[in-house]
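Remarks on the structure that follows.
2 protein chains.
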Amino acid sequence: MAARVMLQQCLSARLQVKPAEGDRAAEYVQIQRGTLIYVCFFKGATVDLIPKMIKTLLNVKLCEDNTGNHVSVLDVPANILIIPQATLGGKIKGRAMQYHDNIGKEDGKELYALFVAQCEKELALNSKCAEAQVVVKHGTYGNRQVLQMDTNGPYTHLIEF
Amino acid sequence: MAARVMLQQCLSARLQVKPAEGDRAAEYVQIQRGTLIYVCFFKGATVDLIPKMIKTLLNVKLCEDNTGNHVSVLDVPANILIIPQATLGGKIKGRAMQYHDNIGKEDGKELYALFVAQCEKELALNSKCAEAQVVVKHGTYGNRQVLQMDTNGPYTHLIEF
Numbered sequence: 030m031a032a033r034v035m036l037q038q039c040l041s042a043r044l045q046v047k048p049a050e051g052d053r054a055a056e057y058v059q060i061q062r063g064t065l066i067y068v069c070f071f072k073g074a075t076v077d078l079i080p081k082m083i084k085t086l087l088n089v090k091l092c093e094d095n096t097g098n099h100v101s102v103l104d105v106p107a108n109i110l111i112i113p114q115a116t117l118g119g120k121i122k123g124r125a126m127q128y129h130d131n132i133g134k135e136d137g138k139e140l141y142a143l144f145v146a147q148c149e150k151e152l153a154l155n156s157k158c159a160e161a162q163v164v165v166k167h168g169t170y171g172n173r174q175v176l177q178m179d180t181n182g183p184y185t186h187l188i189e190f
Numbered sequence: 030m031a032a033r034v035m036l037q038q039c040l041s042a043r044l045q046v047k048p049a050e051g052d053r054a055a056e057y058v059q060i061q062r063g064t065l066i067y068v069c070f071f072k073g074a075t076v077d078l079i080p081k082m083i084k085t086l087l088n089v090k091l092c093e094d095n096t097g098n099h100v101s102v103l104d105v106p107a108n109i110l111i112i113p114q115a116t117l118g119g120k121i122k123g124r125a126m127q128y129h130d131n132i133g134k135e136d137g138k139e140l141y142a143l144f145v146a147q148c149e150k151e152l153a154l155n156s157k158c159a160e161a162q163v164v165v166k167h168g169t170y171g172n173r174q175v176l177q178m179d180t181n182g183p184y185t186h187l188i189e190f
């Protein structure tokens with residue numbers, strides 16, 4: 030396995046991208062209706078993986094349209110919030126979690142940046158998405174992902190690559 | 030694999046347990062700080078599995094205490110919200126999700142009820158939990174899990190049984 034992704038659907042979500050520091054308030058990004066993509070890379074993941082992941086994730090039919098049918102996030106079209114979530118790589122050992130299979134920090138950061146960029150690019154190229162002005166927002170790699178979300182059912186799915 | 034569980038940590042969470050109907054408003058349960066346990070059973074899961082699952086989930090050290098150390102949900106002690114989430118059993122095929130390995134509805138409902146009961150029992154037997162008056166709340170099996178949550182980092186983990 031090179032990557033593990035968890036998807037949840039939301040009505041709205043807000044994610045901290047910069048914690049408060051001194052007098053400066055914390056900074057957040059938010060989306061309205063859309064998909065949360067939690068992503069974790071494992072050792073051995075390479076840049077070749079990213080186009081395949083994005084293609085799969087943007088086209089899998091897990092979003093409800095206004096008639097209750099499941100269509101892709103591109104077809105709704107809906108917003109996307111990408112959340113780096115290295116903890117998804119944890120394996121239980123005794124009472125603790127170990128993360129031995131997770132990718133190293135620098136490589137993970139690079140793949141994450143590519144993942145975000147590729148996702149933004151695909152949405153920009155999609156005329157339906159451009160017209161609906163849906164957005165891709167994302168968390169800061171390595172930070173604590175302070176998240177609030179409101180759902181009509183998270184409809185949680187796991188996809189491994 | 031007989032069951033898949035996803036864990037997220039929350040500051041508070043609210044889950045619909047009965048949808049609105051006619052003049053009757055929807056009903057919700059909520060917890061303050063605690064752990065969300067999303068659970069999915071697969072074909073072949075039996076009642077023998079439940080005590081092992083509960084033991085593992087209540088003792089794995091994934092909750093932050095007030096000093097930032099990770100301890101078990103029993104040791105915080107923190108609240109628990111159990112969410113049936115059959116979608117976690119999905120496997121991607123083409124652009125769609127298939128749920129062929131998921132347990133049947135009646136068997137799943139029975140295991141879910143046992144899982145909830147066993148979890149409630151363990152918390153009731155734990156003097157620290159009893160004293161702190163932490164609670165176990167849970168969603169309605171088979172319903173849409175209308176969920177709101179607020180986190181200080183969901184710290185998402187997957188545990189398979």
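Protein chains in written order, with the numbering used here: chain E, 30 to 190; chain U, 30 to 190.
Think of the CB as a built atom: it goes at the ideal place given N, C-alpha and C, for glycine as much as any other residue.
Rounded Cβ spacing between residue i and residue j (contact assumed at less than 8 Å)
| i | j | result |
| --- | --- | --- |
| U:V105 | U:C92 | 5 Å |
| U:T185 | E:Y67 | 6 Å |
| U:P183 | U:Q59 | Rounded, the Cβ-Cβ distance is 17 Å, inconsistent with contact. |
Check whether residue i and residue j have beta carbons under 9 Å apart
| i | j | result |
| --- | --- | --- |
| E:L40 | E:V89 | no |
| U:D130 | U:K72 | yes |
| E:Q147 | E:I79 | yes |
| E:V145 | E:G63 | no |
| U:I132 | U:A74 | yes |
| E:G171 | E:K134 | yes |
Rounded separation between residue i and residue j - CA only
| i | j | result |
| --- | --- | --- |
| U:A42 | U:T96 | 22 Å |
| E:D179 | U:Q177 | 4 Å |
| U:K157 | U:L87 | 13 Å |
| U:G168 | U:K138 | 12 Å |
| U:A161 | U:V102 | 12 Å |
| U:E151 | E:L143 | 45 Å |
| U:N98 | E:R53 | 26 Å |
| E:Q114 | E:P48 | 17 Å |
| E:T85 | U:G123 | 9 Å |
| U:I83 | U:A153 | 13 Å |
| E:G51 | E:A125 | 34 Å |
| E:A159 | E:L110 | 16 Å |
Opening and closing residue of the beta strand (DSSP E) in which residue i lies
| i | result |
| --- | --- |
| U:K166 | 165-167 |
| E:N108 | 108-113 |
| E:E50 | Here E:E50 belongs to no beta strand (DSSP E), and DSSP marks it neither H nor E. |
| E:L176 | 176-179 |
| U:M30 | Premise fails: U:M30 is in no beta strand (DSSP E) and is neither H nor E. |
| E:G63 | 56-70 |
| U:H186 | 186-189 |
| U:Q162 | Careful: U:Q162 lies outside any beta strand (DSSP E) and carries neither H nor E. |
| U:A125 | 125-127 |
Own chain partners of residue i with C-beta closer than 7 Å, once the 5 adjacent residues on each side are dropped
| i | result |
| --- | --- |
| E:Q61 | S41, N108 |
| U:Y57 | R43, L44, Q45, V46 |
| U:G118 | R33, C69, F71, Y128, D130, N131 |
8 Å CB neighbourhood of residue i in its chain, flanking five on each side removed
| i | result |
| --- | --- |
| U:E189 | M30, A32, R33, V34 |
| E:I112 | L44, L65, I66, Y67, V68, H167, G168, Q174, L176 |
| U:E149 | V165 |
| E:D94 | V100, D104, V105 |
6 Å Cβ shell around residue i - same chain, five flanking residues per side excluded
| i | result |
| --- | --- |
| E:T116 | none |
| E:N181 | L40 |
| U:L187 | M35 |
| U:F70 | A32, I132, G137, L140 |
| U:N155 | L103 |
Range of the contiguous alpha helix (DSSP H) that encloses residue i
| i | result |
| --- | --- |
| E:G137 | 134-154 |
| U:M82 | 78-88 |
Test: residue i CB closer than 9 Å to a CB of chain A
| i | result |
| --- | --- |
| U:D179 | The structure shown contains no chain A; its protein chains are E and U. |
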